[in-house]
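As structure tokens, the structure follows; a few thoughts come after it.
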Amino acid sequence: MLGLAKKDFTLLAVVVGLTLLAPFILNPFPEGSGMAQFNAGYPDLMQRFVIFGIFAIGFNILFGLTGYLSFGHAAFLGVGSYAAIWMMKLVTTNVIPAMILAIIVAGAFALLVGFITLRRSGIYFSILTLAFAQMSYALAYSVLTPITGGETGLQLKLNDPRILDSALVGGDQARANLFGVNMSSSYEMSVGGWLFTFNAGYYIAAIVMILAFYMAIRIFRSPFGLMLRAVKSNQQRMNFTGLNSRPYTLAAFVISGMYAGLAGGLMVAMDTQVGPERMFWTASGEVVLMTILGGAGTLIGPVLGAGMIKYMENIISKINSTILHQWFAWMPDGLEDFVVAVIYPFIGKGWHLTLGIIFMLVVIFLPGGLVEGGQRIAGLFRRKKTADETSTTPAE
Amino acid sequence: MGILEVKNVGKRFGGLQALSEVELNVAENSCHAIIGPNGAGKSTLLNCFVGKLIPDTGSVMFDGQSVLGRKPYEINQMGISRVFQTPEIFSDLTVQENMMIACFAKRDGAFRMHAVRDMFTEKEIVDKAEAMLEDMNLADKREMHAASMSRGDKRRLEIAMCLSQDPRLLLLDEPTAGMARADTNNTIDLLKQIKDERDITIAIIEHDMHVVFSLADRITVLAQGTPLVEDNPENIKGHPKVREAYLGEAA
Numbered sequence: 024m025l026g027l028a029k030k031d032f033t034l035l036a037v038v039v040g041l042t043l044l045a046p047f048i049l050n051p052f053p054e055g056s057g058m059a060q061f062n063a064g065y066p067d068l069m070q071r072f073v074i075f076g077i078f079a080i081g082f083n084i085l086f087g088l089t090g091y092l093s094f095g096h097a098a099f100l101g102v103g104s105y106a107a108i109w110m111m112k113l114v115t116t117n118v119i120p121a122m123i124l125a126i127i128v129a130g131a132f133a134l135l136v137g138f139i140t141l142r143r144s145g146i147y148f149s150i151l152t153l154a155f156a157q158m159s160y161a162l163a164y165s166v167l168t169p170i171t172g173g174e175t176g177l178q179l180k181l182n183d184p185r186i187l188d189s190a191l192v193g194g195d196q197a198r199a200n201l202f203g204v205n206m207s208s209s210y211e212m213s214v215g216g217w218l219f220t221f222n223a224g225y226y227i228a229a230i231v232m233i234l235a236f237y238m239a240i241r242i243f244r245s246p247f248g249l250m251l252r253a254v255k256s257n258q259q260r261m262n263f264t265g266l267n268s269r270p271y272t273l274a275a276f277v278i279s280g281m282y283a284g285l286a287g288g289l290m291v292a293m294d295t296q297v298g299p300e301r302m303f304w305t306a307s308g309e310v311v312l313m314t315i316l317g318g319a320g321t322l323i324g325p326v327l328g329a330g331m332i333k334y335m336e337n338i339i340s341k342i343n344s345t346i347l348h349q350w351f352a353w354m355p356d357g358l359e360d361f362v363v364a365v366i367y368p369f370i371g372k373g374w375h376l377t378l379g380i381i382f383m384l385v386v387i388f389l390p391g392g393l394v395e396g397g398q399r400i401a402g403l404f405r406r407k408k409t410a411d412e413t414s415t416t417p418a419e
Numbered sequence: 041m042g043i044l045e046v047k048n049v050g051k052r053f054g055g056l057q058a059l060s061e062v063e064l065n066v067a068e069n070s071c072h073a074i075i076g077p078n079g080a081g082k083s084t085l086l087n088c089f090v091g092k093l094i095p096d097t098g099s100v101m102f103d104g105q106s107v108l109g110r111k112p113y114e115i116n117q118m119g120i121s122r123v124f125q126t127p128e129i130f131s132d133l134t135v136q137e138n139m140m141i142a143c144f145a146k147r148d149g150a151f152r153m154h155a156v157r158d159m160f161t162e163k164e165i166v167d168k169a170e171a172m173l174e175d176m177n178l179a180d181k182r183e184m185h186a187a188s189m190s191r192g193d194k195r196r197l198e199i200a201m202c203l204s205q206d207p208r209l210l211l212l213d214e215p216t217a218g219m220a221r222a223d224t225n226n227t228i229d230l231l232k233q234i235k236d237e238r239d240i241t242i243a244i245i246e247h248d249m250h251v252v253f254s255l256a257d258r259i260t261v262l263a264q265g266t267p268l269v270e271d272n273p274e275n276i277k278g279h280p281k282v283r284e285a286y287l288g289e290a291a
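As they're listed, the protein sequences go chains A and B. 24 is the number of the first residue of the first sequence in the numbering used here; add one for each residue after it. 41 is the number of the first residue of the second sequence in the numbering used here; add one for each residue after it.
Below you can see the structure in the form of structure tokens.
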């Protein structure tokens with residue numbers, strides 16, 4: 024169906040189901056309960072899940088398939104963001120032209136960067152991409168201040184031209200919208216103790232992510248995808264089989280740059296501002312972590328990795344010592360203090376420590392990422408099932 | 041006039057003159073073996089044919105066109121396929137995918153962007169790959185990862201990939217190196233079969249005299265970077281210069 028094999032179609036259906044029902048799934052705990060802080064079903068975070076999902080899906084087309092580890096992908100995200108906000112400032116606050124321009128500009132920039140960096144492979148390629156990203160960051164931060172707004176970045180302003188939009192009615196502000204639907208508008212549904220928020224911006228981002236995921240599946244299964252895996256497997260054989268690996272890797276690089284640009288454009292669509300820190304090297308590193316944590320080279324892995332990291336960043340970082348003391352209040356005083364002191368470094372600002380430990384455990388014990396973990400669990404169940412079946416077969 | 045004509049080829053690596061004044065003429069539809077002791081420059085010469093090395097002097101013409109200065113993939117697209125000493129295959133991919141890559145390369149050339157349709161909907165390619173796997177007795181291994189096959193099967197797969205491109209010249213670099221006797225004999229049979237059934241020219245580098253004398257129509261003996269003699273196998277066997285090159289002057 025949709026040109027996909029049955030297995031891939033099932034996967035797509037699962038992703039569609041999860042993203043569309045995310046406001047329910049991510050809010051399992053009633054409002055006001057002690058566990059409510061683990062709820063992730065609020066628009067801001069859900070938007071980040073899908074936007075970083077897109078970023079990681081695109082990164083995986085390059086890294087997962089060809090094995091070229093780019094350490095500068097945040098540059099394309101940032102370039103896409105700047106392109107989108109200029110579209111919104113100059114032409115219209117509708118998000119669609121902004122996203123299209125973000126993809127085009129990021130793609131063109133990726134073509135330039137890829138053309139230069141893909142002359143080298145391995146660690147040299149990684150360093151070259153990192154250098155490009157840091158140069159872009161420095162340019163955005165200071166040199167190109169007239170275009171990028173420098174340190175403060177860019178926001179929508181009342182006196183932006185917006186040549187296609189009608190003038191704002193007094194007191195109104197320019198807002199990102201889709202044909203009049205405001206990105207920040209939400210519908211809240213209260214059921215019992217639960218509060219579910221359905222946000223227009225989230226659903227638009229989610230639909231874009233589903234499309235991006237669908238396109239990634241098609242690329243993975245296409246002859247082009249096969250050639251990209253050939254690049255990773257054995258470039259020598261590839262060249263001696265009459266295939267020119269350069270344009271293949273460059274195409275993969277540009278496609279993943281366009282995905283990053285789309286993610287950058289969506290960030291602007293959701294929250295109409297950009298700053299240069301979006302292109303900092305830690306942002307490039309983050310998408311590498313997401314992809315490896317989820318499972319590089321797998322379809323769903325990068326999305327899982329992005330979700331996991333963004334969840335930890337937003338949820339674990341919010342736990343503070345007061346909350347810990349509440350949790351362990353049932354313990355005797357001395358023990359309570361001790362337990363809180365032990366856990367404290369891993370929460371709040373220390374969430375990176377937790378992430379680092381999880382990342383190390385995954386890389387050491389599950390080199391295939393969370394997807395491999397899932398497969399192993401599924402494998403255990405299957406083995407158990409087959410064992411049950413064999414045991415129930417009567418002996419002959 | 042041969043399909044591969046090598047004239048006055050010389051190559052120097054620093055102080056080492058690896059090849060000098062190499063003349064070689066491989067006749068179409070023959071099997072030409074290049075033999076010689078270790079360090080004679082056999083592999084260097086082969087690398088000059090496929091774009092891995094560019095000789096300092098001389099010319100290498102394939103079917104009337106120079107191959108010098110061309111990229112390996114361009115030379116392959118001209119009709120030269122190479123089998124490596126250690127099988128070079130796509131180890132992470134399945135046997136079937138390995139074959140399909142070779143078939144795509146033959147049909148679509150060095151680069152073509154087709155990123156939309158599922159690769160298995162390309163019936164022509166799937167069928168061609170399958171037919172080749174059947175031919176080479178690899179059909180039952182099609183789902184296997186290439187890395188997990190035996191050395192002999194890897195070699196078969198590599199040869200199958202080369203053949204699926206219908207090359208006019210097949211270059212073999214010690215195809216039986218490191219193989220068990222049984223695998224070696226299988227490979228000899230396979231190569232004989234290929235030679236008999238196809239319009240193909242084979243140039244082979246080999247240490248194993250058993251392999252050389254079972255296959256070659258013509259033999260060139262290389263020593264210290266220069267061709268010593270070129271003749272048919274019968275005459276090479278007892279040639280005093282060959283014995284000298286292999287066994288030293290005392291013999």
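Ideal placement from N, C-alpha and C gives every residue a C-beta, glycine not left out.
- A:Phe155 is classed as buried because its beta carbon has at least 16 other beta carbons within 10 Å across all chains shown.
- Residues of the segment 227–253 of chain A that bring their beta carbon within less than 8 Å of a beta carbon in chain B comprise Arg241, Ile242, Arg244, Ser245, Pro246, Phe247, Gly248, Leu249, Met250, Arg252 and Ala253, in sequence order.
- Membership of B:Lys82 in the alpha helix (DSSP H) is indicated by the continuous run Lys82 to Phe89.
- For the segment 152–166 of chain B, the set of positions with a beta-carbon nearer than 7 Å to some beta-carbon of chain A reads Met153, His154, Ala155, Val156, Arg157, Asp158, Met159 and Glu162 in chain order.
- Listed along chain B is no residue with a C-beta nearer than 7 Å to that of A:Thr409; the closest approach is about 20 Å.
- Proximity of B:Asp213 to chain A, defined by a Cβ-Cβ separation below 8 Å, is not satisfied.
- For B:Thr84, same chain residues with a beta-carbon under 7 Å away, outside a window of 5 residues either side, are Lys51, Ala58, Leu59 and Leu93 in chain order.
- Around A:Pro390, no beta-carbon contact reaches into chain B at under 7 Å, the shortest distance being about 14 Å.
- A contact between stretches requires three or more CB pairs, one per stretch, nearer than 8 Å, and the segment 254–262 of chain B meets this requirement with the segment 66–76 of chain B.
- Under the three-state reduction of DSSP, B:Pro267 is assigned to strand.
- Only residues of its own chain outside the window of five on either side were considered, and among them Asn138, Ala186, Lys194, Leu197, Glu198 and Met201 have a CB closer than 8 Å to the CB of B:Ile129, listed in chain order.
- Counting along the chain, no beta strand (DSSP E) covers A:Val37; the unbroken alpha helix (DSSP H) around it starts and ends at Lys29 to Leu43.
- Between B:Leu211 and B:Phe53, the CB-CB gap reaches or exceeds 8 Å.
- When the Cα atoms are used, B:Phe160 and B:Val166 turn out to be separated by approximately 6 Å.
- Collapsing the DSSP output to three states places B:Phe53 in a strand.
- For B:Ala150, the secondary structure class from DSSP, reduced to helix, strand or coil, is coil.
- Each of A:Glu359, A:Met354, A:Phe361 and A:Gly288 was checked against the Cα of A:Ile108, and the nearest Cα belongs to A:Gly288.
- For A:Gly280, the uninterrupted alpha helix (DSSP H) segment begins and ends at Ser268 to Met293.
- Against chain B, the beta carbon of A:Ser256 has neighbours under 8 Å at Phe130, Ser131, Asp132 and Leu133, listed in chain order.
- A:Ser104: member of the alpha helix (DSSP H) spanning Ala97 to Leu113, first to last residue.
- In the DSSP assignment, A:Ser213 falls outside any alpha helix (DSSP H) and lies within the beta strand (DSSP E) extending over Ser209 to Val214.
- In this model, B:Gln117 and B:His72 are separated by some 22 Å (Cα to Cα).
- For the segment 259–276 of chain A, the set of positions with a beta-carbon nearer than 7 Å to some beta-carbon of chain B reads Gln259, Arg260, Asn262, Phe263, Thr264, Gly265, Leu266, Asn267, Pro270, Tyr271 and Ala274 in chain order.
- A:Phe388 and A:Thr321 have their C-alpha atoms roughly 17 Å apart.
- With 16 or more other Cβ atoms from the protein chains shown falling within 10 Å of its own Cβ, A:Phe72 counts as buried.
- Distance between A:Arg241 and A:Val363, taken at the CA atoms: about 49 Å.
- Listed along the chain, the chain B residues whose CB falls inside 9 Å of the CB of A:Gly26 are Val156, Arg157, Asp158 and Thr161.
- Under a criterion of Cβ atoms nearer than 7 Å, the residues of chain A adjacent to B:Phe144 are, in order, Pro246.
- Around the beta-carbon of A:Ala319, 16 or more other beta-carbon atoms lie within 10 Å, marking it buried.
- Secondary structure at B:Leu59: strand, using DSSP grouped into helix, strand and coil.
- In the three-state scheme derived from DSSP, where H, G and I count as helix and E and B as strand, A:Arg399 is classed as helix.
- Every unbroken stretch of the alpha helix (DSSP H) spanning 4 or more residues and falling wholly within the segment 286–339 of chain A is given here in chain order: 304–317 and 324–338.
- Between B:Met176 and chain A, the shortest Cβ-Cβ separation is not below 8 Å.
- Excluding residues up to 5 positions away in sequence, nothing lies with its Cβ nearer than 7 Å to the Cβ of B:Thr126 in the same chain.
- Shown here, B:Gly98 sits in a strand according to DSSP, grouped into three states.
- Taking a C-beta distance under 8 Å as the contact criterion, A:Ser245 and A:Gln258 do not qualify as a contact pair.
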